[in-house]
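Q:
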Amino acid sequence: MAGSSEKASKRRALIVGGSMSGLLAALLLRRAGWDVDVFERVESELAGRGAGIVAQPDLIETLRRLAIDPTALGVEITTRKILDASGRLVGEFDCPQVLTAWERVYRVLRDAFPRERYHRGRGVSGFVQTENSVVAHFSDGGDAEAELLVGADGLRSTIRQQCLPELTPLYVGYVAWRALIPEAAFAPAIHRELFNHMTFCLPPGEQCLGYPVAGPDNDLRPGHRRYNVVWYRPADENGELQHLLTDAGGTTHTISIPPPLIRREAIAQMRAAAERLLAPQFREVVRMIDEPILQPIYDLETPRMAFGRVAIIGDAAFVARPHVAAGVAKAADDAAALVTALEVDEVEAALRRFEAARLPVGQRIIERARHLGAYLQATQTAEERARSQRHSIPEAVLAETAVLDFLRS
Ligand SMILES: Cc1cc2nc3c(=O)[nH]c(=O)nc-3n(C[C@H](O)[C@H](O)[C@H](O)COP(=O)(O)OP(=O)(O)OC[C@H]3O[C@@H](n4cnc5c(N)ncnc54)[C@H](O)[C@@H]3O)c2cc1C
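Numbering of the sequence shown is given in my numbering, commencing with residue 3 and proceeding in unit increments.
Here it is, written out as structure tokens:
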């Protein structure tokens, strides 16, 4: 148990991964009196991968808890719309939300954490734990010791792989083409129609949606924002996916392909499909895309989050398909639950308590996202096909996408 002097009572935590869940956990632990260091493998400052983020109430609540002002986090919208293939408005739904950008959230978190305790370019290669401590080993040969280690190191987590080597992300049978388009590129008519809403178009077995987010440097001024467009398309794992992940030199990439390496032919096929399948408004949006991002979609579901003095949080533990828009909110809630448990118990007991609280939530998020996305899969089981019908109708897509109310029911 902790000693009586303030210095002796400071318990030390190592956070592996300096993105959303790492920073959220680090800030909450510091606030609870822990001595915290964050180790991020990437040497340079992290930058957004080009998609918007829904600022869910859970994230806003955690920012408030950290005394970070959540106002001006992003672009506020009030309505969702659906267009049919001819461009006709076929559904509308009131759903006030704040849409932000990854960089915006990262920046406020990064600025709130002491620079000297955030160590860039320090990848963790593994850890060893004893009864009283855990030692992290770094790829550069160094090590660090603490009472707690938090694996906040994302989909391909080193920490999770050491604890659960068999667990791998599962490709779900569809990809997303994504892009951010400068607001200034929108002609006035299409801007009026699309820009201030979340708008969907649903070609059979596909889903395209778009919404506004902050501009570069988190610029929220009208005219300086960006439009985030995402188009989910089925791609079977052994055929179309391999084709999309193969670059011009013939190399087939695993998991994802850097945007500059996507073959021109693959992009041309996507653009031709847009002209055939999408509402005229979205055809115009696709024509405005300069360099699209291709994101194969994966599910990851961990059976455990606590391993003695080591916990995994955020994407290291659960990665849901994007339809629930839960990634950052889940990271915030994982971090908050971890710190709450540590306020009550010693480390190992606290981690067990944290796991008991968060495993069922992660499972529910994964399951919900699977249901919402089942109709986009290249192949489906009979059960998935039956469920698809319920979640693919326009009313369901409008009401269920990117809404976390199911967690509160
Ligand atoms: C650079 C970046 C940009 C992103 N952009 C977007 C976006 O635009 N839109 C969106 O919806 N989501 C984006 N995401 C994903 C989003 O942040 C996550 O899905 C979610 O917030 C959960 O975050 P996480 O911190 O658990 O995992 P991640 O965000 O994946 O972060 C994991 C971090 O751990 C680091 N890491 C991995 N292995 C090690 C190791 N062995 N040692 C030390 N560090 C390690 C990684 O470099 C990474 O910074 C982005 C993630 C990153 C890292």
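We put the CB at the ideal spot given by N, CA and C, even for glycine.
Does the beta-carbon distance from Cys165 to Val321 come in below 8 angstroms?
A: no
Q: Could you pull out every residue in the same chain whose Cβ sits closer than 7 angstroms to the Cβ of Ser141, ignoring the five residues on either side in sequence?
A: Gly125, Ser127
Q: Since Ile315 and Ala27 are thought to touch, with beta carbons under 8 angstroms apart, how far apart are those beta carbons, to the nearest angstrom?
A: 6 angstroms
Q: What's the call for Gln391, buried or exposed, on a 16-neighbour Cβ count within 10 Å?
A: exposed
Q: Let's test the definition: count the other Cβ atoms within 10 Å of the Cβ of Lys88 and tell me whether it reaches 16, buried, or not, exposed.
A: Contrary to the premise, residue 88 reads as Ser rather than Lys in this sequence. Around the CB of Ser88, fewer than 16 other CB atoms lie within 10 Å, so the residue is classed as exposed.
Q: Can you tell me the Cα-Cα spacing of Arg106 and Asn220, whole angstroms?
A: 6 angstroms
Q: May I have a chain-ordered list of the beta strand (DSSP E) segments no shorter than 3 residues that lie completely inside the segment 202-282?
A: DSSP runs (the beta strand (DSSP E)) wholly in the segment 202-282: 209-215, 228-236.
Q: Only counting the same chain, and skipping five residues up and downstream in sequence, which positions put a Cβ closer than 6 angstroms to that of Leu409?
A: none
Q: For the pair the segment 186-198 and the segment 379-389, tell me if three or more CB-CB distances fall below 8 angstroms.
A: no
Q: Please indicate yes or no: does the CB of Arg51 lie closer than 7 angstroms to some heavy atom of ligand 2?
A: Of the ligands one can find in the structure shown, namely ligand 1, none is ligand 2.
Q: What are the start and end residues of each continuous alpha helix (DSSP H) run of 4 or more residues lying completely inside the segment 129-181, in chain order?
A: 160-165
Q: Under 8 angstroms between the Cβ atoms of Ala154 and Ala398?
A: no
Q: Leaving out the 5 sequence neighbours to the left and right, which residues in its chain are closer than 8 angstroms to Asp238 when beta-carbon positions are compared?
A: Gly175, Ala380, Thr381
Q: Just the Cα atoms here: how many angstroms apart are Gly20 and Arg158?
A: Near 14 angstroms, if we compare the C-alpha coordinates of Arg158 and Gly20.
Q: Between the C-alpha atoms of Arg14 and Ile84, what's the straight-line distance to the nearest angstrom?
A: 50 angstroms
Q: Relative to the C-alpha of Gly76, which residue among Ala181, Tyr229, Leu378 is closest?
A: Tyr229
Q: Just checking Trp179 against ligand 1 - is the residue's beta carbon closer than 7 angstroms to any of the ligand's heavy atoms?
A: no
Q: From which residue to which residue does the beta strand (DSSP E) around Leu302 run?
A: Run containing Leu302: 295-303, per the beta strand (DSSP E) assignment.
Q: With a 10 Å radius around its C-beta and 16 neighbouring C-beta atoms as the bar for buried, classify Ser394 as buried or exposed.
A: buried
Q: Please check the pair Leu101 and Phe129, which I expect to be a contact at CB under 8 angstroms, by giving their CB distance rounded to whole angstroms.
A: Actually they are not in contact, since the Cβ atoms of Leu101 and Phe129 sit about 37 angstroms apart, beyond 8 angstroms.
Q: Name the two residues that bound the continuous alpha helix (DSSP H) containing Ala485.
A: With the chain covering 3 to 411 only, the question about residue 485 has no answer from this structure.
Q: Would the segment 323-342 and the segment 29-36 be scored as touching if the rule is three or more Cβ pairs under 8 angstroms?
A: yes
Q: Give a yes or no on contact between the segment 53-66 and the segment 324-331, applying the rule of three or more CB pairs nearer than 8 angstroms.
A: Output reads yes: the segment 324-331 touches the segment 53-66.
Q: Measuring straight from C-alpha to C-alpha, what distance separates Pro236 and Gln244?
A: When the Cα atoms are used, Pro236 and Gln244 turn out to be separated by approximately 13 angstroms.
Q: Note down, in chain order, each residue of its chain lying with its Cβ closer than 8 angstroms to the Cβ of Tyr108, except the 5 sequence neighbours on either side.
A: Ser21, Met22, Leu25, Leu48, Gly50
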